[in-house]
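A short write-up of the structure that comes next.
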Amino acid sequence: MPIATLRGVTLDCADPRALARFYQELTGRQLGYDTDGFVALTDGSGCDLGFQRVDGYRAPRWPGQDMPQQFHLDLKVEDLDAAEKAALGLGAVRPDHQPGGDRWRVLLDPAGHPFCLVAG
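Counting in the UniProt record's numbering, the sequence shown runs from 1 upward without gaps.
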């Protein structure tokens with residue numbers, strides 16, 4: 001019997017609403033909660049994706065560790081090329097370092113967080 005279940009993941013950022021819009025378009029999740037300092041997206045699964053304002057936010061520098069990523073999201077997609085093109089159109093950035101070959105692509109969200117699109 002587990003002690004706990006995952007309720008959500010929250011990303012630090014300078015502008016929660018802007019970053020939530022990016023992930024809302026990317027994942028199709030719906031707005032669940034919205035204040036000036038915190039926004040959450042939900043899909044009804046019970047595990048929300050949140051975004052919280054942090055004063056003086058500094059983006060990670062991937063793949064270097066001067067400003068470590070701390071964690072990243074893996075998002076399963078059916079068509080890797082199409083998903084990458086769509087994410088870039090929403091404001092993601094493709095860094096030069098791509099260790100995944102044909103299995104996954106590393107992108108950076110508009111706040112600089114690395115995330116992976118995983119063929120699945």
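All residues carry an ideal CB built from backbone N, CA and C; glycine is no exception.
Counting the other Cβ atoms within 10 Å of the Cβ of V9 gives fewer than 16, which makes it exposed.
Here the alpha carbons of Y57 and L107 stand approximately 19 Å from one another. Cβ-Cβ distances below 6 Å link A83 to V77 and L117 in the same chain, with the five nearest sequence neighbours on each side left out; the list follows chain order. Under the three-state reduction of DSSP output, G8 falls in the strand class. Per the Cβ contact rule, the stretch 32–39 is not in contact with the stretch 80–94 (fewer than 3 Cβ pairs under 8 Å).
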